[in-house]
Amino acid sequence: MSGKLFSRIAILIAVAGLAAGCANTIRGAGQDTANAVDATGNAVQRVGNAAR
83 MSGKLFSRIA
93 ILIAVAGLAA
103 GCANTIRGAG
113 QDTANAVDAT
123 GNAVQRVGNA
133 AR
């Protein structure tokens, strides 16, 4: 395998790995946001029930 071909394959593998890592990070941030919204909604509901 020539040096140029090897380096191109290595770069493609590295880029694919970085792209996969970014996708996981974005997915995790979306889940964290959804959990925060749910927790806020639950807190509002508990405060409303306590005020009755």
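Residue numbers (this note's numbering): 83 to 134. Beta carbons are placed, not taken as given, at the ideal position from N, Cα and C, and that holds for glycine.
Straight-line spacing of the CA atoms in F88 and A102 works out to 21 Å. In the structure shown, S89 adopts helical secondary structure according to DSSP, grouped into three states. Straight-line measurement puts the Cα of V119 at about 29 Å from the Cα of L100.
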